[in-house]
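In numbering that gives the first Met the number 0, the protein residues as written are 0 to 559. Yeah, the Cβ is synthetic: ideal placement off N, Cα and C, and Gly gets one too. Bear in mind the structure is a predicted one, so any value in this text is a computation, not a measurement. The structure appears right after this line, and notes come after that.
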Amino acid sequence: MRDTKASSPGNDAQGGHTSPGGDVEQNLQAIPESSRTRSVSGQFWIWAGANLAPINWVLGALGIQLGLGFADTVTVLVAGNLVGMSLFGIFVLLGQRTGATGMVLARAAFGRRGNYLPSAIQAVLVIGWCAVNTWIILDLVMALMGKLGFVDADAANVGPKVVVAALIMAIQVTIAWFGYKAIAAFERWTVPPTIVVLIAMSAVAWFGMHIDWSYAGPAGHILHGGPRIAAMTTVMTVIGIGWGITWFTYAADYSRFVSRGVPRHKVYLASVFGQFLPVVWLGILGASLATKSGSADPGKLIVDNFGLLAIPVLFLVLHGPVATNILNIYTFSVAAQALDIKIKRRALNVGVGVLALGGVVFFVMQESFANTLSTWLGALVAWVAAWGGIMLVHYLWVDKRKPVGIDRLFDPIGTRRLPVVNWAGITALLIGIFSTWLFMYGVEPIMQGPIATAMGGIDLSWLAGGLVAAGVYAILGPRVHARYATDAVQGVAAPAGSDVVSGDPVDHVAAAVDAAIPGEDLPDVAVMDVAAVDATAPMVAAVDAAATPASERNSALIAE
0 MRDTKASSPG
10 NDAQGGHTSP
20 GGDVEQNLQA
30 IPESSRTRSV
40 SGQFWIWAGA
50 NLAPINWVLG
60 ALGIQLGLGF
70 ADTVTVLVAG
80 NLVGMSLFGI
90 FVLLGQRTGA
100 TGMVLARAAF
110 GRRGNYLPSA
120 IQAVLVIGWC
130 AVNTWIILDL
140 VMALMGKLGF
150 VDADAANVGP
160 KVVVAALIMA
170 IQVTIAWFGY
180 KAIAAFERWT
190 VPPTIVVLIA
200 MSAVAWFGMH
210 IDWSYAGPAG
220 HILHGGPRIA
230 AMTTVMTVIG
240 IGWGITWFTY
250 AADYSRFVSR
260 GVPRHKVYLA
270 SVFGQFLPVV
280 WLGILGASLA
290 TKSGSADPGK
300 LIVDNFGLLA
310 IPVLFLVLHG
320 PVATNILNIY
330 TFSVAAQALD
340 IKIKRRALNV
350 GVGVLALGGV
360 VFFVMQESFA
370 NTLSTWLGAL
380 VAWVAAWGGI
390 MLVHYLWVDK
400 RKPVGIDRLF
410 DPIGTRRLPV
420 VNWAGITALL
430 IGIFSTWLFM
440 YGVEPIMQGP
450 IATAMGGIDL
460 SWLAGGLVAA
470 GVYAILGPRV
480 HARYATDAVQ
490 GVAAPAGSDV
500 VSGDPVDHVA
510 AAVDAAIPGE
520 DLPDVAVMDV
530 AAVDATAPMV
540 AAVDAAATPA
550 SERNSALIAE
């Protein structure tokens, strides 16, 4: 391992200092080893909780509404999320290895101030996500209140929705206020009972509602040939690979709290399956329900298919959007900190809650939820696919050839160890976003690019944006990176919480998971085991065991 100039472990994004005993999350800094956990199950609960949400059965129903059959929708869901979540896992490992958030890691590719562009985009879109997920909660609540006779379910109910949104937003902000530990605890305690309820819900739907498993599309309007392929590619962008891509920018924000002493393949598998399983499961549930109601509206999907059974189900399913939004609120705060905004994380949490209410009003006013959701997710893919391609090239190739200490990313403005603006990254991002739009064919005309239109509506936006951005950065990035790839001071060891990403390529597929972020094996480090008494211990143990290969459980033949 190369020695690097060590900045103080307490340096934050603005060049400030956090005392060793203080809140390590209040200011932007690498999470020190002493503040990390060895529990890999926490990653599973966080990502599973974020995806056990109504939006995911809405996404499955969206495929049916766009004209696809049940089999085609499920194929896109499974294949797309398998690829998307596999890539998502790489960004999870980056966070664990470096202790840095996604937007701080991006400083290497975009520059100290140049990174303001992706950080600002991330912060703004996170506000939109809070609005989308809160809107879904409102729709469910109004459907329930209509069943109980409290409101007219057919009315607009704008006033009641705003009041309910304010109350729900307050709950979400409160949980995110207390940081990672509160988020992890919330997910750990609430995900298991939610899973039980959704298992019962799925059983009722699949075994008691006479689902048409052979559904091939609307009668008389079944898609064939080019139109069918075009619809599948659009759904792939929105609910397949595109769904996994939208989580790239979040991954490191939470995996940075996992000890570097935890085997990487365990962290990878727990995070990937935490995302994959609920997304595919709820997507299939939504698609199967949509074959009966033909609707993508979350309230109608529940009420029309479950009747009075929706009452207990709706109360517990409200957990999903709340669990997702506490991640959005928290990620907004760290993205805003990456903009060098000198406001404490908790104050930023309150700010995003207020701003998201404005977004809720916008979504409430939309007449077509399916069109709104499709356009929103398509816009997300347009920039995250390009950002992800650049980041993968930087950390898996550029930085591997000329390793540089991660601690430089926390240097204050004016540092000589980072470019002020890395025009290679900015150029690649803008070209990648433009390429994404060229190959995009969304529901709204503004999201229909000329190349996709010329191809009959085939949507390859995520592929075009990711590959073009990656290619441009692969050409321009190495030259800029080489100027900063020399240690500022030789012979000074990097502090705990920083690392140098370097090393040899892997030789086997099995080893690739454990070494998805190329690097030398880290030396043994002293870590603090923060395992505590856990009421969900049996389920936690099952997750940990599932992430551990049999060969590792039976012997010590696999060296970390």
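The residue among L86, A215, G98 and R344 with its C-alpha nearest the C-alpha of Q64 is A215. The C-alpha of V333 is placed about 10 Å away from the C-alpha of D339. Beta bridge pairing from DSSP links V271 with no other residue.
When DSSP states are grouped into helix, strand and coil, Y214 belongs to the coil group. Of all C-beta pairs linking the stretch 338 to 353 to the stretch 150 to 157, fewer than three are shorter than 8 Å, placing the two stretches out of contact. Listed as beta-bridge partners of V257 by DSSP are T36. Of the residues assessed, W246 falls on the buried side of the cut-off, its CB having 16 or more other CB atoms within 10 angstroms. In the structure shown, the three-state DSSP call for G404 is strand.
Pairwise C-beta distances place the stretch 68 to 80 in contact with the stretch 228 to 240, as three or more of them are shorter than 8 Å.
Excluding the 5 residues flanking it on each side, G66 has same chain C-beta neighbours closer than 6 Å at G216, L222 and A230, in chain order. By the CB criterion at 7 Å, A473 and V392 fall inside the cutoff. In the three-state reduction of the DSSP assignment, Q95 falls in the helix class, which pools H, G and I. Taking the Cβ atoms as the reference, Q274 lies roughly 25 Å from L27, outside the contact range of under 8 Å. Of all alpha-carbon atoms in S460, W280, T233 and A108, the one lying nearest the alpha-carbon of G424 is that of A108.
A contact between stretches requires three or more CB pairs, one per stretch, nearer than 8 Å, and the stretch 410 to 418 fails this requirement with the stretch 187 to 198. DSSP places Q25 in the coil class of the three-state scheme, outside both helix and strand. In the three-state reduction of the DSSP assignment, Y115 falls in the helix class, which pools H, G and I. DSSP places G241 in the uninterrupted alpha helix (DSSP H) bounded by I240 to I244. Residue state for Y179 is assigned as helix, using DSSP reduced to three classes. For L51, there is no enclosing alpha helix (DSSP H), as DSSP gives it neither H nor E. DSSP places Y440 in the strand class (E or B) of the three-state scheme. In this chain, W396 is not harboured by any alpha helix (DSSP H), its DSSP state being neither H nor E.
Proximity of the stretch 252 to 270 to the stretch 95 to 103 meets the contact definition, three or more beta-carbon pairs being nearer than 8 Å.
Sorting A385, G465, V467 and S434 by C-alpha distance to the C-alpha of A451 places S434 at the top.
Annotation for M102: the continuous alpha helix (DSSP H) segment containing it runs G101 to L104. A residue is called buried when at least 16 other Cβ atoms come within 10 angstroms of its Cβ; A481 does not meet this threshold and is exposed. Residue burial is scored here from C-beta neighbours: R255 has at least 16 other C-beta atoms within 10 angstroms and is therefore classed as buried.
Closest option to I328, judged by alpha-carbon separation, among A49, A60, S34 and S40: A49.
When the beta-carbon positions are compared, N80 and V279 come within less than 7 Å of each other.
Q447 has Y440 as its beta-bridge partners, per DSSP. Under the three-state reduction of DSSP, D71 is assigned to helix. Distance from F87 to V271 at the Cβ level is roughly 7 Å; contact confirmed, criterion being Cβ atoms closer than 8 Å. Here A165 has L356 as same chain residues with Cβ atoms under 7 Å from its own Cβ, once five neighbours each way along the sequence are excluded.
Residue range H318 to Q336 is occupied by the alpha helix (DSSP H) that includes A335. The three-state reading of DSSP puts D153 in coil, since its state is none of H, G, I, E or B. For R416, there is no enclosing alpha helix (DSSP H), as DSSP marks it with neither H nor E.
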